[in-house]
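First the structure, in the form of structure tokens, and then the observations on it.
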Amino acid sequence: MYRDLREVYWWNVMKKDIAGFVANFPNCQQVNVEHQKPRGLSQDISIPTWKWEDLNMDFIVGLSRTRRQHDSIWVIVDRMTKSAHFLPIKISYLAEDYAKLYLREMVRLHGVPLSIISDRGTQFTSQFWKSFQKELGTKVKLSTNFHPQTDGKGESTI
């Protein structure tokens with residue numbers, strides 16, 4: 002906090018006053034900015050040039066079970082056309098199950114995409130999923146936690 006304020010304000014015991022204020026303010030104690038990693042540069046999201054080359058992926062979870070025991074929906078959105086596939090899944094699927102479904106329902110119909118933007122769900126951060134997409138030649142881009150604007154196409158479709 003001191004570093005931010007010193008660029009605009011200054012007085013004799015400024016550092017001591019700020020330290021005292023921060024020590025007695027509950028919100029400052031909960032979020033200790035000094036010990037957090039500095040923010041990185043934001044990454045531009047490329048503009049799609051052809052349909053089904055750039056995808057957004059997300060999940061709708063917590064649904065009641067169907068007759069086939071599906072309890073979630075995998076939403077895959079084309080960033081250019083905003084067309085979407087809604088694939089019924091079980092939340093208990095393993096990364097291998099997602100890969101098989103992805104090949105059968107997406108790659109078979111639309112080919113291999115150039116990039117995928119998704120949240121940081123365990124389905125997308127697993128080593129298997131990363132190496133699977135690397136072998137296909139797809140670049141996986143993970144959105145910032147709790148920042149649905151990055152993954153906006155998937156979120157707005159839901």
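Each position in the sequence shown, counted from 1, maps to that position plus 1 in our numbering.
By construction, the Cβ of each residue, glycine as well, lies at the ideal position given by its N, Cα and C atoms.
These numbers come from a predicted model, not from an experiment.
Practice problem: Drop a sphere of 10 angstroms on the beta-carbon of Ile117, count the other beta-carbons inside from all chains shown, and report buried for 16 or more, exposed for fewer. | Solution: On the sequence shown, residue 117 is found 116 positions in, with the first residue counted as 1. Buried.
Quiz item: Hey, would you say Arg90 sits closer than 8 Å to Trp75, going by beta carbons?
Solution: Translated into positions along the sequence shown, residue 90 becomes position 89. Translated into positions along the sequence shown, residue 75 becomes position 74. The sequence given here has Ile at residue 90, not Arg. Yes, these two residues count as a Cβ contact at 8 Å.
Quiz item: Which whole-angstrom value is the C-beta distance of Asp120 and Asp72, which I expect to be below 8 Å?
Solution: Taking the sequence shown and counting its residues from 1, the one referred to as residue 120 is at position 119. Taking the sequence shown and counting its residues from 1, the one referred to as residue 72 is at position 71. Not quite, the Cβ-Cβ distance comes to about 18 Å (not below 8 Å), so this is no contact.
Exercise. Go through its chain and collect everything with a Cβ distance to Gly155's Cβ below 7 Å, but skip five positions before and after it.
Key: The residue given as residue 155 occupies position 154 in the sequence shown. Confidence at Gly155 is low in this model, with a pLDDT of 49, below 50, so its placement is unreliable and the value that follows should be read with caution. Counting only Cβ-Cβ distances below 7 Å, and skipping sequence neighbours, we find Asn57, Met58, Asp59, Val76, Val78.
Practice problem: Output the residue ranges of the beta strand (DSSP E) runs that lie fully inside the segment 62-107 and measure 3 residues or longer, sorted by chain position. | Solution: 73-79, 85-90
Quiz item: Got a sec, what are the start and stop residues for the alpha helix (DSSP H) Leu161 sits in?
Solution: Residue 161 lies beyond the range of the chain shown here (2 to 159); nothing can be said about it.
Exercise. Taking the CB atoms as reference points, tell me whether Leu115 and Asp55 lie closer together than 8 Å.
Key: What you label residue 115 is simply residue 114 of the sequence shown in a count that begins at 1. What you label residue 55 is simply residue 54 of the sequence shown in a count that begins at 1. Yes, they are a contact pair.
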